[in-house]
Structures are given as structure tokens and as C-alpha cells.
Amino acid sequence: RILLWCWLIIGILFLSAAKAKLASYCLPLFPPIALLVADLRDRGLNGELHPTAWTFQRYLAATLTLLAPLAGPLIWILAISQGFAPYSTFGLAVGLIVTIISAAAIRHLVHHDWERIFTGGILSIATLSIGTILVFLPLVAEQHSGRILAAYLNEHFSPDGELILFRERIGSVLFYLKPEIRHKLTTSQMQTNTIRKFIETFSAKEHQLVVIPEREVPLILHYVEFSHLPYESHDRYRIYRGTGFVPLHVRRIPPAQVGIMAN
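In this text, residue positions in the sequence shown follow our numbering: the first is 27, and each later residue adds one.
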């Protein structure tokens, strides 16, 4: 037990010191957490826990057992709503497995068979966790990683310039930037933009680098005419340099859509 706690604490400290991404914590820390949970289950069933702790553990197990069948559908809804349609099969598969396990656990809940309830709950959480770690997170990270864009910026971007990312996650890009570039960037130099802010900042500034995902180009062209400007295509992005900018023709944004664009 002491060894598992040392593994967990040292792992958290090491990954935090290394500034690892959150997803990197999952795989190395999953084994000690799983074993500690199993140990807690055995201690509760053997009467080694304080009565208050045992009562809390039972209520928690019952709550998780009742909520577990919702995990799969929630993942499926999230995958569809966020545009991760290829991963919806993953959500359905995990949801089906978790629902079957949880249905059996709910049946045991009626008979207060805590040993089987805990076993079903642990299996449900383990199925969801392992599926997420080994399937879902790698697929999402591969498609939405900032590594390729950061590699381009490491080679072409001057820390003295201004970097504008339009509707792109800053954290993923920052993670892969060289330390000398990442440490010199300020909030004003590196920012994501709504349509309105984009119109205000997309101007002919020297050393300005504007990165636009290809998926957002049709939306921006509906309000800002910049199709005549030179750009570089890199991975799934268009990259514009400030030295090539010219005055832009900006179409008026309908008031009804201002609130939508701000999201």
C-alpha cells in the first residue's frame, strides 16, 4: 500500500515538474489508482474501515453504479456535438459494455450484495478509463494536436512578432513550442479570436503571423475579404504574414449574429 501511494505521489510530482499534458498522466497513474481502489474495497468488505468511511463508500458505490450507464451515451453525444463523429462508434461500444456491467451491478444493489456491487462498479470505471486512455485520447490527440503547427512556428516565428490563432486551442500549441519562444510570448502577442476581434487585429502589422484553420476559412470569408492575400498552406492551416497584408474589405456583421460569433 505504501509503495502504491509513493508511486502515485512521485508520478504526479514528476509529470507536473515535466509540464506534461494532462492526458499524459492517465496511463502511468492508472495502475496505482486502480490497485488502491481495489485495496479500499477489500478493507471495506473485511470491516477494516471506520463505520463512517464504510457508509460513505457504500453510498458512493451505489451512486456510481446508478450513473455508470449514462457514461457511454454521454461520450457518444459529446463526440457528435464536438465534431468527433468518427469516434462515436467508440462511445457506443464503451457505453454498451458499461451498461451491461452496470445493469448487473444495479440488480445486486437491490439485494445489498456489496461485494458484487463494488466489483461491477470497478469494472465499469476500468472499462471506461482503459477505453478512454487507449482509444479515445490518442485518436483525438492525433487529429487535434498542436505539434505540427508548433514545429512550423519554431522554425519561422520571431518571438518579437505577434501571433494570432483564430479559433484554435492555445494550450496544445504552447506545449510544443521551443522554451525560448514560449517564454517570450505574452497574452497580447498570442491570442485566439472571435470574428469581431479578428477583424480588428487582422491588419498590416510587421512581423504579424495569422494562423487560420482551413475549416474556419469559409466563415471568415463571409465577413472579411482576404482571399487575394498570399498565404502558406501548412497541414490543416493557412498562415498569413503581416508584411503581405493590404487593406481589407469588411462586410457588416448582422447584430443578431454578434452574440453567436462571440462564443
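Where is the CB? At the ideal position from N, CA and C, for every residue including glycine.
These figures come from a predicted structure and were not determined experimentally.
Assumed close pair residue i, residue j - CB separation to whole angstroms, cut-off 8 angstroms
i, j, result
"residue 242", "residue 192", "6 angstroms"
"residue 263", "residue 175", "6 angstroms"
"residue 235", "residue 265", "7 angstroms"
"residue 33", "residue 58", "4 angstroms"
"residue 69", "residue 75", "5 angstroms"
Burial state of residue i (16 or more Cβ within 10 Å)
i, result
"residue 29", "exposed"
"residue 188", "buried"
"residue 144", "buried"
"residue 276", "Any reading at residue 276 needs caution, since the residue's pLDDT is 49, under 50, leaving its predicted position unreliable; the model's value is listed next. So residue 276 ends up on the exposed side."
"residue 73", "exposed"
"residue 100", "exposed"
"residue 190", "buried"
"residue 246", "buried"
"residue 85", "exposed"
"residue 36", "exposed"
"residue 87", "buried"
"residue 67", "buried"
"residue 103", "exposed"
"residue 38", "exposed"
"residue 93", "exposed"
For residue i, the residue or residues it bridges with in DSSP
i, result
"residue 258", "265"
Where the alpha helix (DSSP H) containing residue i begins and where it ends
i, result
"residue 180", "173-182"
"residue 208", "205-208"
"residue 37", "28-43"
"residue 211", "Neither: residue 211 is in no alpha helix (DSSP H) and is coded neither H nor E."
"residue 75", "Looking at the DSSP string, residue 75 is not in any alpha helix (DSSP H), and its letter there is neither H nor E."
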